[in-house]
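See structure below.
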Amino acid sequence: MKIAISGKGGVGKTTLCALLAREAVSQGKRVLAVDADPNPTLAMILGFPEEITPLVELKELMEERMGSLEGFLRLNPKVDDIPERFSVERDGIKLLVMGPIRQGGGGCACPQNTFLKSLLQYLVLERDELILLDFEAGLEPLGRATAQGVDALLIVVEPDSASVVTARRIYTLAQQIGVRKIFAVANKIREPGELRTIQESLEIEVIGALPYSERLRVAGPSSLSSDAEFRHRAQAILASIVHPHPQPLSP
Ligand SMILES: Nc1ncnc2c1ncn2[C@@H]1O[C@H](COP(=O)(O)OP(=O)(O)OP(=O)(O)O)[C@@H](O)[C@H]1O
Ligand SMILES: [Mg+2]
């Protein structure tokens, strides 16, 4: 199952990705978390001690797979060995830091982009495990071909109108490019009225709500690994993606 996470900047995409990854591993699932944000923070949030060089910056690898970076490019580079060779593992979670997929000026087809797109497509179409994709805000990097291989898109929303507007925009785009299941997750909820407002403002099914937590903000998701409340909520989100059933949510 492949789950992509999107939403406005700072809403809690990476935090949710980490919480779901931890929960899925504790349920015995094989998990590959993929950081595709130009400003990768998933490694830090998952507690990896070292800086991880994004794949896109591995010049030798790019040259090996893409041909000379100045000459002709391969359009279908070999990528199937990348997850095993370049992912790092901690607490049972495998992590791949991809680097940004940028559309350069004038629709640049730079080799790094072609490589990352092929890798992403391979991951979302071929790998039999839980893949959690942490993207930058917006869906443009996902692209049509890749989106069709994603089983679900989670749009994270916090109680402010900008994140709701962004969620609506992402929803429209995701529908257009054919994402099959699109859900919202409310985050940083301080009181029940905030969740109700989010639910009323969106036509997207809200399958989870995470409370605002000062501990989470200060110490990160790893501080919540034995927090029954957050674990329960992460479990419920994972379960709802597989078997969606509208249920009253409590904030
Ligand atoms: N439920 C929560 N309660 C309190 N703080 C939270 C909660 N969820 C996330 N945060 C905090 O909000 C900030 C942004 O979270 P995070 O980095 O996960 O967002 P993001 O959407 O991935 O951001 P970016 O768009 O920069 O990638 C962090 O300081 C994080 O600790
Ligand atoms: Mg993030």
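In this text, residue positions in the sequence shown follow the working numbering: the first is -4, and each later residue adds one. Just so it is clear, CB atoms sit at the ideal spot from N, CA and C, and this is done for glycine as well. Keep in mind the model is a prediction, meaning the values are calculated, not measured.
DSSP three-state assignment for residue i, whether helix, strand or coil
i      : result
Pro206 : strand
Phe178 : strand
Arg185 : coil
Leu244 : coil
Glu247 : The requested residue 247 is not part of the displayed model; the chain covers only -4 to 246.
Glu52  : helix
Thr161 : helix
Cys248 : Here the chain comprises residues numbered -4 to 246, so residue 248 is not present and cannot be evaluated.
Lys112 : helix
Thr36  : coil
Nearest neighbour of residue i, chosen from the options [CA to CA]
i       : options                       : result
Val174  : Tyr166, Val180, Ala181        : Tyr166
Val51   : Val201, Phe81, Met39, Leu27   : Phe81
Arg92   : Thr36, Met(-4), Arg85         : One detail in the question is off: residue 92 reads as Val in this sequence, not Arg. Taking only the C-alpha atoms, the option nearest Val92 is Thr36.
Leu41   : Lys54, Pro33, Val26           : Val26
Ile202  : Ser220, Ser221, Asn182        : Asn182
Gly23   : Val145, Thr10, Gln230, Tyr117 : Gln230
Pro78   : Gln116, Arg164, Asn34         : Gln116
Leu197  : Lys176, Leu56, Val159         : Val159
Leu125  : Leu90, Ser218, Leu114         : Leu90
Ala(-1) : Lys112, Ala28, Leu70          : Ala28
Counted within 10 angstroms of its Cβ, other Cβ atoms place residue i as buried (16 or more) or exposed
i      : result
Glu253 : Any question about residue 253 goes unanswered here, given that the chain covers just -4 to 246.
Arg85  : exposed
Val213 : exposed
Ala234 : exposed
Pro187 : exposed
Gln107 : buried
Val237 : exposed
Glu131 : buried
Pro44  : exposed
Asp30  : buried
Bridge partner(s) assigned by DSSP for residue i
i      : result
Asp30  : Val92, Asp129
Gly5   : Gly5 pairs with nothing; no bridge assigned.
Val201 : Ala179
Ile150 : Ser1, Ala179
Glu84  : Lys89
Distance between beta carbons of residue j and residue i, contact taken as under 8 Å
i     : j      : result
Ser1  : Ile150 : 5 Å
Cys12 : Asp129 : 4 Å
Leu15 : Phe225 : Going by Cβ atoms, the distance from Leu15 to Phe225 rounds to 11 Å, so no, they are not a contact pair.
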